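Positions 1 to 498 (the UniProt record's numbering) are the ones given, in order, by the sequence shown.
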Amino acid sequence: MTHPIEADTDADAATPADAATATDAATPADAATAHAWTALGGAAELLDEVSYLPAEGALPARLPVRELARATVAACSLAAAELAARRSGGPVPAVRVAEAAVATAFVSERHLRIDGRAPTSFAPLSGFWRAADGWVRTHANYPHHRARLLAALGIADRGEEDVLAKRLAEELATRPAHGIQEMVYEAGGLAVAVARPAPPAPPVAFPEVATGGVAETATDARPVLIESRRSGGAAPRPLPPAPLPASGVRILDLTRVIAGPVATRTLALLGADVLRVDSPHLPEDPDAHADTGFGKRSTRLDLGDPRDRRTFEELLSQADAVVTGYRPGALDRFGLAPDALLERRPGLVVAQVSAWGWSGPWAGRRGFDSLVQAASGIAALEAAPDGHPGVLPAQALDHGTGYLLAAAVLRALTERQDTGDGRHLRLSLSATAAWLMRGITPVAPHGGETYDPTAWLTERPAPYGCLRYALPPLGYAGSPRDWSAPPTPWGTDRPAWG
């Protein structure tokens, strides 16, 4: 049984369910919400159902992070409300998103406690480092990325982490940032040069990376947030009335880290049967899964093993949607390229998320939110007065893209009710970064209580221990307040639908 963390204020007055019906101090949907909803292909008139409950001091940054965060959650809430209405035959419920809930959920990994213990967010060798001509950002949270980073720079993996960090700093300080970036990449590791934004300053233009280019500088005024391609060939698939929008929908979850797991965690909240499948040969942080595994089950299958492959194909044959979070082309050798999936399964929804997008010189590279922030110019824009690169107040590219990904799947399911069409959806952290930097107009805060996450945290027992975690931020009339089940230990569930 879940229960809100006790606070001096009435925590029950600040829940997603209450936020969906409150009428005081609400503000209407803004241009960022309209842009996100339009990118999803939603009907413009439904935006009249959206409003926000402001929270002063939520997600402070130079860039409009608050606006991005609430827009992505509102778009997802509206997509859920729309599907719920289609299944019930009733009107679309009102959407009322609490900024405090959004701000808390966007740093859910920081609020997580496991028997009172806070997870480690970044490894000692992950972070910003001075280069000979600027700064680089490394990512070494996974053991194989850590090993490749050290090997690329000729550093023996011996000694304590603080000793290795000192040696890494000394080595990086002698090399140019772009040279480090390319050397580590060639070795299979992760490091990027910290980009300096090109004038004019965002949000007017999205910067090129001066040290080699992440992507070509876009010229349109509206970044393409979501690529969507319809695939026909199936009969309409009406979903029967159900208590939750995604009840009875089977989601095959092939995602890792934050963006993809946030999307599938959200779909699980809305009633979907979500089964995450991982390779037994890739490591995973149990703490990360404790944050994003709510409502799901998790199993491991080796797609190179004939028996496991047969099991996977059986799961795939009954799936409504496949959500992937690997770099472009990584799953193609297993017959899981989007076109191959849609040819085999007309009516399937295939949703992909990547770090660097789907074209350009970096499309096939591995990446994470922190690296995209550094390479896009965000880190320079959020820099400290002394010039040290900064970060957003949340891994907002991950979380924001995750909610948009869930929204895109929900909208595809809504449209499939009538057409039976499948859908190929593509999103990326770099597209979300472009939108943040040049596609969102800041909106001045409009009243509201001072932000306090307390009312949006809860506790429950789980196989991991007692979990303290952030409540889901979705807010529409009738939206679920919490997940149906806590996360099970990573990779321990049977490879079968529930």
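Cβ coordinates follow ideal geometry from the N, Cα and C atoms, glycine included.
Since the structure is predicted, the reported quantities are computational estimates derived from the model, not experimental observations.
List the residues that DSSP assigns as beta-bridge partners of T324.
In the sequence shown, the residue the question calls residue 324 occupies position 324. Under DSSP, the beta-bridge partners assigned to T324 are L254 and Q352.
Distance between beta carbons of M437 and S484, contact taken as under 8 Å
Position 484 of the sequence shown holds residue 484. Position 437 of the sequence shown holds residue 437. M437 and S484 do not touch by the CB rule: their CB atoms are close to 37 Å apart, not below 8 Å.
The beta strand (DSSP E) with D273 in it runs from where to where?
Within the sequence shown, residue 273 is the residue found at index 273, counting from 1. Here the beta strand (DSSP E) through D273 covers D273 to D278.
Since I believe A246 is in contact with L267 (beta carbons under 8 Å), could you give me their beta-carbon distance rounded to a whole number of angstroms?
If you number the sequence shown from 1, residue 267 lands on position 267. If you number the sequence shown from 1, residue 246 lands on position 246. Between A246 and L267 the Cβ distance is about 6 Å, and since that is below 8 Å, they are a contact.
If the criterion is Cβ atoms closer than 8 Å, does the pair G448 and A177 meet it?
For the purposes of this step, residue 448 is taken as residue 448 along the sequence shown, with counting starting at 1. For the purposes of this step, residue 177 is taken as residue 177 along the sequence shown, with counting starting at 1. Taking the C-beta atoms as reference points, A177 is found no nearer than 8 Å to G448.
Per the contact definition of three or more C-beta pairs closer than 8 Å, is the region 421-440 in contact with the region 225-245?
Three or more Cβ pairs closer than 8 Å define a contact, and the region 225-245 meets that threshold against the region 421-440.
For G335, does the three-state DSSP call read helix, strand or coil?
Here residue 335 corresponds to residue number 335 of the sequence shown, with the count starting at 1. Correct three-state label for G335: coil.
When DSSP builds the beta bridges, which residues end up paired with W135?
Residue mapping note: residue 135 aligns to position 135 of the sequence shown, counting from 1. According to DSSP, which records beta bridges pairwise, W135 is partnered with R130.
Y451 to P445, Cα distance in whole Å?
Along the sequence shown, one-based indexing puts residue 451 at 451. Along the sequence shown, one-based indexing puts residue 445 at 445. A direct Cα-to-Cα measurement between Y451 and P445 gives close to 12 Å.
Got a sec, what are the start and stop residues for the beta strand (DSSP E) T458 sits in?
In the sequence shown, counting from the first residue as 1, residue 458 sits at position 458. Counting along the chain, the beta strand (DSSP E) containing T458 begins and ends at L457 to A462.
Nearest CA to the CA of V257: which residue from G367, P486 and V163?
By one-based count along the sequence shown, residue 257 stands at place 257. Here the closest residue by C-alpha is G367.
Ordered along the chain, which non-local residues of its own chain (more than five positions away) have a Cβ less than 6 Å from that of V107?
Residue mapping note: residue 107 aligns to position 107 of the sequence shown, counting from 1. Result list for V107: A394, in chain order.
Kindly give me the distance between the Cβ atoms of residue 503 and Q181, rounded to whole angstroms, as I take these residues to be in contact under 8 Å.
This structure cannot speak to residue 503, because the chain is shown only from 1 to 498.
Residues sharing a beta bridge with I114, DSSP
By 1-based counting over the sequence shown, the position of residue 114 is 114. Bridge partners of I114 according to DSSP: R117 and L467.
Quick check on E82: buried or exposed, where buried means 16 or more other Cβ atoms within 10 Å of its Cβ?
One-based indexing of the sequence shown puts residue 82 at position 82. Result: buried.
Using 8 Å as the threshold, is the region 276-285 in touch with the region 300-311, meaning 3 or more CB pairs across them?
In short, these stretches touch, since the Cβ pair count reaches three.
Just tell me which of D308, G439 and W356 has its CA closest to the CA of R327.
Sequence index remark: in the sequence shown, residue 327 carries index 327 (1-based). Of D308, G439 and W356, the smallest CA-CA separation from R327 is found for W356.
Residues near R411 in its chain [Cβ-Cβ closer than 7 Å; skip 5 each side]:
Here the question's residue 411 lines up with position 411 in the sequence shown. Counting only Cβ-Cβ distances below 7 Å, and skipping sequence neighbours, we find L40, G41, G42 and A79.
So, at 6 Å on beta carbons, what are the nonlocal neighbours of D320 in its own chain, with the 5 sequence-adjacent residues on each side left out?
The residue labelled residue 320 in the question sits at position 320 within the sequence shown. Closer than 6 Å at the Cβ level, and outside the excluded window around D320, lie V249 and R250.
Environment of S359 [buried if 16+ CB atoms lie within 10 Å]
Translated into the one-based positions of the sequence shown, residue 359 becomes position 359. The residue in question, S359, is exposed, as its Cβ has fewer than 16 Cβ neighbours within 10 Å.
Comparing C-alpha positions only, which one of T38, Y403, R309 and A380 sits nearest to T292?
Position 292 of the sequence shown holds residue 292. The residue with the shortest Cα to Cα distance from T292 is Y403.
Proximal residues to E171 (C-beta, below 8 Å), its chain only, five neighbours per side dropped:
Position 171 of the sequence shown holds residue 171. If we look at E171 and ignore the five residues flanking it on each side, its Cβ neighbours are L153, G154 and I155.
Whole angstroms is fine: what's the gap from residue 575's alpha carbon to G232's?
Any answer about residue 575 is impossible in this case: the structure gives the chain only from 1 up to 498.
Cut-off 8 Å between Cβ atoms - residues of its own chain near residue 499, not counting five sequence neighbours on either side:
Nothing can be reported for residue 499: it is not among the residues displayed for the chain, which extend from 1 to 498.
Residue interval of the beta strand (DSSP E) (run including S191)
For the purposes of this step, residue 191 is taken as residue 191 along the sequence shown, with counting starting at 1. Here the sequence assigns Ala to residue 191, which means Ser is not the residue at that position. Element bounds for A191: A191 to A193.
Three-pair Cβ contact test at 8 Å for the region 119-126 versus the region 136-145:
Yes, they touch.
Using the Cβ count rule (16 or more neighbours within 10 Å means buried), how would you classify R310?
In the sequence shown, residue 310 corresponds to position 310, counting from 1. An exposed status is given to R310, since fewer than 16 other beta-carbon atoms sit within 10 Å of its beta-carbon.
Alpha carbon to alpha carbon, how far is D253 from D386?
As a position in the sequence shown, residue 253 is number 253, starting the count at 1. As a position in the sequence shown, residue 386 is number 386, starting the count at 1. Inter-residue distance for D253 and D386 is about 43 Å (C-alpha atoms, whole angstroms).
Grouping DSSP H, G and I as helix and E and B as strand, with all else coil, what is L270?
Here the question's residue 270 lines up with position 270 in the sequence shown. If DSSP states are grouped into helix, strand and coil, L270 belongs with coil.
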